[in-house]
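Worksheet: one structure, shown below.
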Amino acid sequence: MAGTCGRAVREARGHDIPQRPTKERPSMTVITVIGLGEAGRLYGEGLAGAGAEVRGFDPFITVESEAITQYDALAEALDGSAVALSLVGARAALTVAEQAAAAVRGAESTAGSPLVFADLNTAGPEVKQAVGTAVQAAGLLPCDAAVMAPVPRAAHRTELIVSGPASGRLAELLGPLGAPVEAIGGEMGDAAQLKLLRSVFMKGLATLIIETLTAAEASGQRERLAVQIAAELGPDGAALVDRLVTGTHAHAERREHEVSDALDELRRLGTPHDMTEATLAWFRRILDDRAEH
Numbered sequence: 001m002a003g004t005c006g007r008a009v010r011e012a013r014g015h016d017i018p019q020r021p022t023k024e025r026p027s028m029t030v031i032t033v034i035g036l037g038e039a040g041r042l043y044g045e046g047l048a049g050a051g052a053e054v055r056g057f058d059p060f061i062t063v064e065s066e067a068i069t070q071y072d073a074l075a076e077a078l079d080g081s082a083v084a085l086s087l088v089g090a091r092a093a094l095t096v097a098e099q100a101a102a103a104v105r106g107a108e109s110t111a112g113s114p115l116v117f118a119d120l121n122t123a124g125p126e127v128k129q130a131v132g133t134a135v136q137a138a139g140l141l142p143c144d145a146a147v148m149a150p151v152p153r154a155a156h157r158t159e160l161i162v163s164g165p166a167s168g169r170l171a172e173l174l175g176p177l178g179a180p181v182e183a184i185g186g187e188m189g190d191a192a193q194l195k196l197l198r199s200v201f202m203k204g205l206a207t208l209i210i211e212t213l214t215a216a217e218a219s220g221q222r223e224r225l226a227v228q229i230a231a232e233l234g235p236d237g238a239a240l241v242d243r244l245v246t247g248t249h250a251h252a253e254r255r256e257h258e259v260s261d262a263l264d265e266l267r268r269l270g271t272p273h274d275m276t277e278a279t280l281a282w283f284r285r286i287l288d289d290r291a292e293h
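Position 259 of the sequence shown, counted from 1, bears residue number 259 in the UniProt record's numbering, the numbering being contiguous throughout.
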């Protein structure tokens with residue numbers, strides 16, 4: 001038996017032994033985050049933790065993060081990327097889109113297709129449309145991405161609703177990394193419009209609660225009324241009330257801009273906007289009170 005086995009081994013050595021095919025490891029998705037403030041950093045670190053190669057660009061902020069490789073030049077940060085996520089704020093959104101378009105005009109991503117440029121800034125539909133025009137003229141694929149909740153709560157797992165030419169492609173790239181992306185197709189600005197209309201309700205609800213609790217506190221009924229409001233909002237009502245009230249005060253300036261954009265959208269649509277005007281007045285009151293103190 002032993003001799004037979006030894007002979008078989010020696011004979012096998014004289015021939016090519018078929019090797020088991022090795023599987024190629026899938027290449028990492030390369031993502032560039034433009035704007036490394038709180039939201040950009042959280043997105044970058046979350047996506048890196050999920051398996052992406054993350055690059056960052058921000059001429060005003062330097063991040064100390066092993067998850068993000070920060071570049072000094074936008075063109076270098078974008079070179080070879082599959083996706084660019086713009087998180088620079090509404091006022092800078094178009095300028096940054098134009099800079100990105102100029103930096104990578106006609107370039108191809110690591111996926112062999114044009115770079116997907118996703119604008120995650122909270123801006124009106126007109127801004128998103130202008131962003132789309134700018135990047136599409138350079139051969140890039142634009143995507144309007146509406147961030148539907150505060151990023152600190154879930155980082156890159158924050159719900160996104162996306163529209164525009166690259167909405168489906170963005171979902172394909174970010175979905176496997178744990179980002180919940182709902183692609184609605186349509187045009188640039190459709191996702192932004194949906195978010196603004198949602199803000200009419202959510203920001204209006206927040207200021208309505210604040211107005212009610214302010215009056216309740218003045219009358220010595222705050223605790224009792226807070227319990228009743230929470231009960232009307234369901235099992236997690238108390239947490240929702242707390243989140244709406246604290247979030248409104250903590251992010252009053254940014255949300256004031258968002259409500260102002262929502263009001264502009266209602267005016268453009270020609271629909272009544274009395275409640276939204278009152279919501280905006282409350283945000284401005286909060287900011288005025290803060291300035292006085």
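For each residue, glycine too, the CB sits at the ideal point set by N, CA and C.
These numbers come from a predicted model, not from an experiment.
Own chain residues within Cβ distance below 8 Å of residue i, not counting five before or after
i, result
"residue 149", "158, 159"
"residue 284", "256"
Residue i - partner residues in DSSP beta bridges
i, result
"residue 32", "55, 84"
"residue 163", "144, 185"
"residue 43", "Answer is none; residue 43 lacks a bridge partner."
"residue 193", "DSSP lists no partner for residue 193."
"residue 69", "55"
Beta-carbon separation (whole angstroms), residue i vs residue j, contact threshold 8 Å
i, j, result
"residue 98", "residue 123", "Not really, about 14 Å apart at Cβ, beyond 8 Å."
"residue 309", "residue 35", "Since the first and last residues shown for the chain are 1 and 293, residue 309 lies out of range."
"residue 241", "residue 218", "Their Cβ separation, rounded to whole angstroms, is 18 Å, which puts residue 241 and residue 218 out of contact at 8 Å."
"residue 177", "residue 156", "7 Å"
"residue 151", "residue 42", "5 Å"
"residue 140", "residue 104", "7 Å"
Chain-order list of residues whose beta-carbon lies under 6 Å from that of residue i (same chain, five-residue window excluded)
i, result
"residue 180", "159"
"residue 145", "118, 120, 160, 162"
"residue 48", "54, 67"
"residue 243", "none"
Cβ-based neighbour list, residue i, same chain, cut-off 7 Å, excluding 5 preceding and 5 following
i, result
"residue 187", "163, 164"
"residue 259", "199, 203, 276, 279, 280, 283"
"residue 89", "121"
**OP:** Scan the region 91-144 and note each continuous beta strand (DSSP E) run of 3 residues or more that stays entirely inside, going in chain order.
**Re:** Complete beta strand (DSSP E) runs here, min 3: 116-119.
Original post:
On the three-pair Cβ rule with 8 Å, is the region 77-90 touching the region 113-132?
Top reply: With a cut-off of 8 Å, the region 113-132 and the region 77-90 count as touching, because enough Cβ pairs lie within range.
Original post:
Counting Cβ pairs, one atom from each stretch, are 3 or more of them under 8 Å apart for the region 171-185 and the region 201-216?
Top reply: With the cut-off at 8 Å, the region 171-185 and the region 201-216 do not touch.
**OP:** Jot down the residue ranges of each uninterrupted beta strand (DSSP E) in the region 216-293, minimum 3 residues, whole runs only, in chain order.
**Re:** Within the region 216-293, no run of beta strand (DSSP E) at least 3 residues long lies entirely inside it.
Original post:
For the region 189-198 against the region 226-243, are there 3 or more C-beta pairs whose distance is under 8 Å?
Top reply: Touching, no.
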